[in-house]
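*Asks:*
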Ligand code: ADP
Ligand code: ASP
Ligand code: MG
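In the numbering used here, the protein residues as written are 50 to 490.
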């Protein structure tokens, strides 16, 4: 069985939905089809939520009607028969009557916020499955809220997902196409929740891992993982193969084509992930697997992650302060704040964090046994991925040479053999990505 995920642009126009029907029925593999919301919908729903949080109820109601008009015209082009259209209109009426009811509820809580933003995937999947029905394709809609679970820390529970999926799939052994929602899940309180922005990729990988699929395919608007950010750098090119570890580094450090955690479940269960282009299905895309056939390339790709904060921590005790690192990291652990980069000298440590929700508390606790400098905000981590064997001379030199003229605050080299990370001021990111493209590829 395969898991195929289609992102927002791949379902964002009626003709795109027509082509993905052709894609999913183009071969005989049984598939779980994970869909995102139509492009623009999640942003629109979040903007409605913003208006409601600001008590701008009329503004929110106007935005709801504007969004509904988009869906009204979408279904007129999606369906080919009057029965199909009536079904599509019914789906829209049902979901929008729920959305309108959320607009009226006061106060607007986080629970309602999550229910509102889930509507994008609930709409797209019902519309697409009704289209498959209209076209006589044997399919079923499997509600993700019945099997996608996160724990109290917002982390997916793969074993629970596996067990629940097994149960809900049982009655559908005869179905070739199983449609479900990306992104949405339930939390331990049983409420609707989600896997954060871009989370449909993560759903696909969790589902693929849970059923031990033969392959997970992520269909998007570009022909695979490129060697650099195509939104910022010209002349980027697709990479044919990546290892799980290489792809995980790129996703975590900012390659937007994949949600940062996508690779973990696939890697855990050994399921290959293929990135494909809906607009050019013949393009080979990128295969992500345990091993690659081509191992000679030194520099494979570059990505960057924004909004990084750097903390500078000095020991107040003098030399040989063993136990110092442990005490520091216990504090980050206590506040569930991952550290991305680290540099040490004998009595000082610099670290970077992405999540600053608990920064003040972390600073207060560190301040009890350390001197702290003022943090640096708005930094970017530039991550360079490749084969950086310790026996291979000149690798760091090439990176630093390419970066000549751009100030570097921190360097991390040797954490693994496939990553070099640099911390720079966020405003230098575009310049750095372009300079590395020139110098490394
Ligand atoms: P979807 O809606 O299908 O999930 P996304 O917009 O989330 O699609 O991801 C695809 C986009 O990621 C591409 O259009 C591209 O602009 C961007 N992107 C950023 N970095 C990379 C990269 N290294 N390789 C490919 N695409 C990238
Ligand atoms: N619709 C969600 C978002 O826009 C999830 C996704 O597209 O992957 O973030
Ligand atoms: Mg995405």
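By construction, the Cβ of each residue, glycine as well, lies at the ideal position given by its N, Cα and C atoms. All values reported here derive from a predicted model rather than from experimental measurement.
Could you name each continuous beta strand (DSSP E) segment of 3 residues or more that falls completely within the region 172-222, going from the start of the chain to the end?
*Replies:* If we require 3 residues or more, the beta strand (DSSP E) runs fully inside the region 172-222 come out as 188-190.
*Asks:* Suppose contacts are defined by Cβ-Cβ distances below 7 Å. Is residue 396 in contact with residue 388 by that definition?
*Replies:* For residue 396 and residue 388, no; Cβs fall outside 7 Å.
*Asks:* In terms of DSSP beta bridges, what is residue 336 paired with?
*Replies:* Answer by DSSP bridge pairing, in chain order: 290, 323.
*Asks:* Flag residue 306 as yes when its Cβ comes closer than 6 Å to any non-hydrogen atom of the ligand ADP, and as no otherwise.
*Replies:* Under cutoff, so the answer is yes.
*Asks:* Which of helix, strand or coil does DSSP assign to residue 252?
*Replies:* Here residue 252 sits in helix by DSSP.
*Asks:* Does at least one heavy atom of the ligand ADP sit under 6 Å from the Cβ of residue 56?
*Replies:* At least one heavy atom of the ligand ADP is nearer than 6 Å to the Cβ of residue 56, so yes.
*Asks:* Can you give the Cα-Cα distance for residue 257 and residue 313, rounded to whole angstroms?
*Replies:* Roughly 11 Å separates the two Cα atoms.
*Asks:* Grouping DSSP H, G and I as helix and E and B as strand, with all else coil, what is residue 235?
*Replies:* Three-state DSSP puts residue 235 in a strand.
*Asks:* So what does DSSP say about residue 308, is it helix, strand or coil?
*Replies:* Coil, per DSSP.
*Asks:* What is the rounded straight-line gap between the Cα of residue 121 and the Cα of residue 385?
*Replies:* Those two C-alpha atoms are separated by around 44 Å.
*Asks:* Give the DSSP bridge partners of residue 61, in chain order.
*Replies:* In DSSP, residue 61 forms no bridge with anything.
*Asks:* Determine the extent of the alpha helix (DSSP H) in which residue 483 is found, giving its start and end residues.
*Replies:* Residue 483 -> alpha helix (DSSP H) spans 478-489.
*Asks:* Buried or exposed: which applies to residue 104, given that a residue is buried once 16 or more other Cβ atoms fall within 10 Å of its Cβ?
*Replies:* So residue 104 counts as exposed.
*Asks:* Label residue 317 either buried or exposed according to how many other C-beta atoms from any shown protein chain fall within 10 Å of its C-beta, with 16 as the threshold for buried.
*Replies:* Under this definition residue 317 is an exposed residue.
*Asks:* Give a yes or no on contact between the region 340-354 and the region 409-423, applying the rule of three or more CB pairs nearer than 8 Å.
*Replies:* Result no; under three Cβ-Cβ pairs closer than 8 Å.
*Asks:* Could you pull out every unbroken alpha helix (DSSP H) segment of at least 4 residues lying fully inside the region 386-450, listed in chain order?
*Replies:* List check, alpha helix (DSSP H) in window: 408-415.
*Asks:* Starting from residue 474, trace the beta strand (DSSP E) both ways and give me its first and last residue.
*Replies:* Element bounds for residue 474: 468-474.
*Asks:* Could you tell me whether the Cβ atoms of residue 188 and residue 228 are closer together than 7 Å?
*Replies:* Yes.
*Asks:* Taking buried to mean at least 16 other C-beta atoms within 10 Å of its own C-beta, is residue 76 buried or exposed?
*Replies:* Result: exposed.
*Asks:* Would the beta-carbon of residue 435 be found less than 6 Å away from any heavy atom of the ligand ADP?
*Replies:* Every heavy atom of the ligand ADP is 6 Å or more from the Cβ of residue 435, so no.
*Asks:* Leaving out the 5 sequence neighbours to the left and right, which residues in its chain are closer than 6 Å to residue 332 when beta-carbon positions are compared?
*Replies:* Excluding sequence neighbours, residue 332 sits near 272, 326.
*Asks:* Consult DSSP for residue 158 and reduce its assignment to one of helix, strand or coil.
*Replies:* Note: residue 158 maps to coil in three-state DSSP.
*Asks:* State whether the region 203-222 contacts the region 164-181, with contact taken as three or more CB pairs (one from each stretch) at a distance under 8 Å.
*Replies:* Verdict: no, contact absent.
*Asks:* Taking 6 Å as the cut-off, does the CB of residue 91 come closer than this to any heavy atom belonging to the ligand ASP?
*Replies:* Yes.
*Asks:* Could you round the C-beta distance between residue 308 and residue 247 to whole angstroms and report it? I think they count as a contact, below 8 Å.
*Replies:* About 4 Å separates the two Cβ atoms, so the contact holds.
*Asks:* If you measure between the beta carbons of residue 434 and residue 468, is that distance less than 7 Å?
*Replies:* Their beta carbons are under 7 Å apart, which means residue 434 touches residue 468 by this criterion.
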